[in-house]
DNA sequence: AGCAGCTACTTGACATGACAACCATTGTCC
DNA sequence: GGACAATGGTTGTCATGTCAAGTAGCTGCT
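Residue numbers (my numbering), protein chains in the order written: chain A, 34 to 199; chain B, 34 to 199.
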């Protein structure tokens, strides 16, 4: 593959080159993720929903009619509890989610997707699938597989030990 | 806890497989970026600075003694103007940045890194470099190059078409 | 000169995202 | 059975990120 000398570099308008290959990888990763997020936001905004909200609804749809405790939703999204609570407030206000205290364990609050929420998700499936495809349309299937492998490896990797922190 | 099924998939605890390779790529990308961001945040938090703030300071350091107009900083970070203004407020309050109305064009506000800001950056260079290395330590140099190429290609891809057409 | 239009911010409002503190339940252990 | 820790949420605060609207200053055209 031809090495584009400055795709990322020119975007940042940086005078000096990257200090290291790794630094370039970090910046490429963060900027790409940011761009892809914006791309999805552009699809969702006209429907009055944000990307995190959409993800919550998808999790609830995946949970089926039994619903899910609030924090379970958060865990599946790697999000912190407080954020989930407030997001759920809004989703409930919009009528996409229903909440109910769990009779078995009254500490828990079970969250369910409402028919309205399911309907919204149904409308979004196609556009979101298309957005998925569009985001990586330039890569072949093999290249996508390779990318996934590299990203998965990065996530599994030894990132920082506490000794390295300072 | 089991140890080794499918990396990304197990994290999300999703019952069904990904609907497409592309969807898997999207999720892998977003989650990896998120994780890497958290690692940098862990390095920066003890120093009382956030990742976006750190990036602003780096841009200002790169600008040198001539400073940069507020929105120029924003452009180099792909951030919107309002966010930059407020972040700069905080950076100025912390003494890391100095602002001054441009005499030539009184609409602009030039931002400069203060010696205190420069000193902070100096302290952070090493830990941040180590964090860069650690983030991709599992990948060889060639794999990093490959990853960068794939990510760059993704960013140049068709989801940018409208913006690129002008 | 004078005014329309553009530029560079600034402010306000709202949605995340993270942390800390707090409350109600539940589980545990003596 | 009663103190106490752990669990599951909620609330408050702060920093970002984004959009919409407003303001001050500059530019071009007449």
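Ideal placement from N, C-alpha and C gives every residue a C-beta, glycine not left out.
At the level of alpha carbons, what is the spacing between residue i and residue j?
{"i": "residue 207 of chain B", "j": "residue 88 of chain B", "result": "Since the displayed chain B opens at 34 and closes at 199, residue 207 of chain B lies outside it and no answer follows."}
{"i": "residue 53 of chain B", "j": "residue 154 of chain A", "result": "17 Å"}
{"i": "residue 34 of chain B", "j": "residue 188 of chain A", "result": "Only weak support exists for where residue 34 of chain B lies, its pLDDT of 39 falling under 50; the value from the coordinates is given anyway. For residue 34 of chain B and residue 188 of chain A, the distance between alpha carbons rounds to 18 Å."}
{"i": "residue 128 of chain B", "j": "residue 156 of chain B", "result": "16 Å"}
{"i": "residue 161 of chain A", "j": "residue 91 of chain A", "result": "12 Å"}
{"i": "residue 39 of chain A", "j": "residue 169 of chain B", "result": "With a pLDDT of 49 at residue 39 of chain A, under the threshold of 50, the modelled position of that residue is not reliable, and no figure is offered here."}
{"i": "residue 96 of chain B", "j": "residue 177 of chain A", "result": "37 Å"}
{"i": "residue 158 of chain B", "j": "residue 74 of chain B", "result": "14 Å"}
{"i": "residue 148 of chain B", "j": "residue 67 of chain A", "result": "31 Å"}
{"i": "residue 93 of chain B", "j": "residue 99 of chain B", "result": "9 Å"}
{"i": "residue 179 of chain A", "j": "residue 163 of chain A", "result": "21 Å"}
{"i": "residue 186 of chain B", "j": "residue 78 of chain B", "result": "33 Å"}
{"i": "residue 175 of chain B", "j": "residue 171 of chain A", "result": "21 Å"}
{"i": "residue 108 of chain B", "j": "residue 152 of chain A", "result": "39 Å"}
{"i": "residue 76 of chain A", "j": "residue 137 of chain B", "result": "42 Å"}
{"i": "residue 141 of chain A", "j": "residue 141 of chain B", "result": "53 Å"}
Taking residue i as the reference, give the member of the options with the closest Cα.
{"i": "residue 139 of chain A", "options": "A:162, A:150 and A:102", "result": "A:102"}
{"i": "residue 55 of chain B", "options": "A:149, A:167 and A:186", "result": "A:167"}
{"i": "residue 85 of chain A", "options": "A:159, A:119, A:97 and A:152", "result": "A:119"}
{"i": "residue 124 of chain A", "options": "A:77, A:71, A:83 and A:67", "result": "A:83"}
{"i": "residue 112 of chain B", "options": "A:141, A:152, A:190 and A:71", "result": "A:71"}
Are there 16 or more other CB atoms within 10 angstroms of the CB of residue i, so buried, or fewer, so exposed?
{"i": "residue 126 of chain A", "result": "exposed"}
{"i": "residue 57 of chain B", "result": "buried"}
{"i": "residue 81 of chain B", "result": "exposed"}
{"i": "residue 150 of chain B", "result": "buried"}
{"i": "residue 116 of chain A", "result": "exposed"}
{"i": "residue 190 of chain B", "result": "buried"}
{"i": "residue 51 of chain B", "result": "buried"}
Please state if the CB of residue j and the CB of residue i are separated by a distance shorter than 8 Å.
{"i": "residue 146 of chain A", "j": "residue 135 of chain A", "result": "no"}
{"i": "residue 121 of chain A", "j": "residue 132 of chain A", "result": "yes"}
{"i": "residue 63 of chain B", "j": "residue 69 of chain A", "result": "yes"}
{"i": "residue 184 of chain B", "j": "residue 65 of chain A", "result": "yes"}
{"i": "residue 106 of chain B", "j": "residue 165 of chain A", "result": "no"}
{"i": "residue 61 of chain A", "j": "residue 181 of chain B", "result": "yes"}
In the DSSP output, which residue or residues are listed as bridge partners for residue i?
{"i": "residue 102 of chain B", "result": "B:143"}
{"i": "residue 130 of chain A", "result": "A:146"}
Under 7 Å: does the beta carbon of residue i sit that close to some heavy atom of the ligand PLP?
{"i": "residue 89 of chain B", "result": "Although the ligand PLP was asked about, the structure shown includes no ligands whatsoever."}
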